[in-house]
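Student: First, the structure itself, so that you have it in front of you.
2 protein chains.
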Amino acid sequence: MLETDKKRELIIEGAIKRFTHFGINKTTMNEIADDLSVSKPSLYYYFPDKSSLILGVINKIFDDYFEAIHKEKPAINSLEATLANFIEVKHRFFQKYYMLHLSSGSNDASFNSDELKNHVTKMKERDVEIHAHIFQAAVVQGDIEVSDLNKITELYLESLAGITSLCVMHGYKELIPSKKDFKVILEKQLSLSRIFIKGLRK
Amino acid sequence: MLETDKKRELIIEGAIKRFTHFGINKTTMNEIADDLSVSKPSLYYYFPDKSSLILGVINKIFDDYFEAIHKEKPAINSLEATLANFIEVKHRFFQKYYMLHLSSGSNDASFNSDELKNHVTKMKERDVEIHAHIFQAAVVQGDIEVSDLNKITELYLESLAGITSLCVMHGYKELIPSKKDFKVILEKQLSLSRIFIKGLRK
DNA sequence: TTTTGACCTTATTAATAAAAAAGTCAGAAA
DNA sequence: TTTCTGACTTTTTTATTAATAAGGTCAAAA
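Protein chains in written order, with this note's numbering: chain S, 86 to 287; chain Y, 86 to 287.
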């Protein structure tokens, strides 16, 4: 049983390598199997279909993300600094897993099934919860003032995601944004975040 | 010469009707000609190709938009109220001309030529100028404080456009967003605008 | 319990033919 | 001379089909 979980992890890691390099749709189950020097039916022994493998990949990535976010949490006491750190964490993941198109409109051609879309949606809801919690702490501290905590948190995250979305589709001639493009996005988000937080102050 | 301009206007208006209803790509030059009870070569007498007709359409729409914005300008003295009015004006145009996809990433499949893309970009730059002017007035009045006027104005408009972009692609199962979707976008934008402005206050 | 070669089925891609739309031009109408 | 048109050509899009590739299964072996 423990061995089984280990094998699953190995497969997921192999899949991630292919996915991040060539994208989900351009990666075949055979290629993943060959990379690991196993046969295709072996893969299907651990994952009933490609979708569930993708789901496993997404789960792993989001687990890593939430862990990284969690590590940042207790670091600093200032709302602005905490959120800036969160943005940087998200940015690292965005850059690393860009080819999977987990962000933007969330529903890329990569995600065929509704199950996958719903799952990504759920992950985003968890992200909102975490951010709402941070905002709540700042409210308690008397740092900021919000009417509807959840609504404002969603608006905050959506405004940041919107920046990404626009920047990505603006320069969509290239398959993958340049280092510079990524940097521009990050700086815009940090700037917007600062203004947004200041706008919530009493 | 005056007659020629009038004919051009008539053709543009006919094209707008088709474009807003079926989209640019699903409208043929023959259909536009038939609607106006003229032959296709007549159209080509006034516009050398379809692109230039599209350009004429875009020009007219943006002229109307800037005129509507201009009418709102002197109305109120408060920055927040002025920007709210601007958002509502833009929203009306966004709704009315949604099928042309002038907003979002600006470069839709509708715009084949680079010329059209550049033109829309120019129109957006003018929009930034107008907004920057409004911000500048508020700076002079001591209402707000901005380090880089143009950068902040662009960030402001981009954050609003990002909201639209995300909302549109989120519910892209339907060809056209529902009345409710439009309303949600408007309210999010107004809310974000308020917070953003407050975040610029001293 | 885990793995595989051989197999089947479904989805993607490639090639080609058919249809439609963009664009032209000589000449007619105003 | 300016504006307009029927008839035409060229280019693009769409539909059809064949070929290939990828997803997925199963009996049997390790």
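For glycine and all other residues, C-beta sits at the position ideal for the given N, C-alpha and C. Here the structure is a predicted model, which is why all the values come from computation and not from measurement.
So, is the C-beta of L271(S) closer than 8 angstroms to a C-beta in chain Y?
Tutor: Walking along the first sequence from the start, residue 271(S) turns up at place 186. Taking Cβ atoms only, chain Y never reaches closer than 8 angstroms to L271(S), which makes this a no.
Student: Tell me which residues of the stretch 238-250 of chain Y have at least one Cβ-Cβ distance to chain S shorter than 7 angstroms, keeping chain order.
Tutor: Here the close residues are L240, E243, S244, A246, G247, I248, S250.
Student: If we call anything under 8 angstroms between Cβ atoms a contact, is G247(S) one with S250(Y)?
Tutor: Translated into positions along the first sequence, residue 247(S) becomes position 162. Translated into positions along the second sequence, residue 250(Y) becomes position 165. Closer than 8 angstroms, so yes.
Student: Taking only the alpha-carbon atoms, compute the straight-line gap between A217(Y) and I172(Y) and give it to the nearest angstrom.
Tutor: Looking up residue 217(Y) in the second sequence gives position 132. Looking up residue 172(Y) in the second sequence gives position 87. The straight-line gap from Cα to Cα measures roughly 14 angstroms.
Student: Give, in chain order, every unbroken run of the alpha helix (DSSP H) that is at least 4 residues long and sits entirely within the stretch 166-237 of chain Y.
Tutor: Within the stretch 166-237 of chain Y, the complete alpha helix (DSSP H) runs of at least 4 residues are 199-225.
Student: By a C-beta neighbour count over all protein chains shown, 10 Å radius and 16 as the cutoff for buried, is I161(S) buried or exposed?
Tutor: Here residue 161(S) refers to the residue found at position 76 when the first sequence is read from its first residue. Label assigned to I161(S): exposed.
Student: Which residues, in chain order, does the stretch 272-285 of chain Y contribute to contact with chain S at a C-beta distance below 8 angstroms?
Tutor: Cβ contacts with chain S come from K273, S276, L277, R279, I280, F281, I282, K283, G284, L285.
Student: Considering E272(S), what are the terminal residues of the alpha helix (DSSP H) in which it resides?
Tutor: Here residue 272(S) refers to the residue found at position 187 of the first sequence. Start and end: 264-285.
Student: Identify, in the order they occur along the chain, each residue of the same chain with its Cβ nearer than 7 angstroms to the Cβ of L277(S), setting aside the five sequence neighbours on each side.
Tutor: Taking the first residue of the first sequence as position 1, residue 277(S) is located at position 192. Around L277(S): S244, L245, I248.
Student: Roughly how many angstroms separate the alpha carbons of K175(S) and L275(S), rounded to a whole number?
Tutor: Reading the first sequence from its first residue, position 90 is the one you call residue 175(S). Reading the first sequence from its first residue, position 190 is the one you call residue 275(S). Cα to Cα, K175(S) sits roughly 12 angstroms from L275(S).
Student: Using three-state DSSP, classify N110(S) as helix, strand or coil.
Tutor: For this step, residue 110(S) is matched to residue 25 along the first sequence. Here N110(S) sits in coil by DSSP.
Student: Give me the residue from E230(S), S263(S), F104(S) with the minimum Cα distance to F196(S).
Tutor: Here residue 196(S) is taken as the residue at index 111 of the first sequence, counted from 1. Residue F104(S) is the option with its Cα nearest to F196(S).
Student: Can you tell me the Cα-Cα spacing of K265(Y) and A100(S), whole angstroms?
Tutor: As a position in the second sequence, residue 265(Y) is number 180, starting the count at 1. As a position in the first sequence, residue 100(S) is number 15, starting the count at 1. Using only the alpha carbons, I get a separation of about 40 angstroms.
Student: Apart from the five residues just before and just after S191(Y), which ones in its own chain have a Cβ nearer than 8 angstroms to its Cβ?
Tutor: On the second sequence, residue 191(Y) is found 106 positions in, with the first residue counted as 1. Note that S191(Y) scores 44 on pLDDT, short of 50, meaning its location in the model is unreliable; the coordinates nonetheless yield the value given after this. Within the same chain, S191(Y) has close Cβ partners K202, V205, T206, K209.
Student: When the cut-off is 8 angstroms and only beta carbons count, does E94(Y) lie next to chain S?
Tutor: Working through the second sequence from its first residue, we reach residue 94(Y) at position 9. Judged by the 8 angstroms Cβ criterion, E94(Y) is not in contact with chain S.
Student: So, for S188(S): in the same chain, excluding its five sequence neighbours on each side, which residues have a beta-carbon less than 7 angstroms away from its beta-carbon?
Tutor: The residue you call residue 188(S) lines up with position 103 of the first sequence. Once the five neighbours on either side are set aside, the close Cβ partners of S188(S) are F179, A246, T249.
Student: Just confirm the distance between the C-beta atoms of I146(S) and I109(S), as a whole number of angstroms; I'd bet it's less than 8 angstroms.
Tutor: On the first sequence, position 61 is the one that residue 146(S) refers to. On the first sequence, position 24 is the one that residue 109(S) refers to. Not really, about 12 angstroms apart at Cβ, beyond 8 angstroms.
Student: In chain order, what residues of the same chain have a beta carbon less than 8 angstroms from the beta carbon of R93(S), not counting five sequence neighbours either side?
Tutor: For the purposes of this step, residue 93(S) is taken as residue 8 along the first sequence, with counting starting at 1. Excluding sequence neighbours, R93(S) sits near Y131, F132, G141.
Student: The alpha helix (DSSP H) with L260(S) in it runs from where to where?
Tutor: Locating residue 260(S) in the first sequence gives position 175, where the first residue counts as 1. Careful: L260(S) lies outside any alpha helix (DSSP H) and carries neither H nor E.
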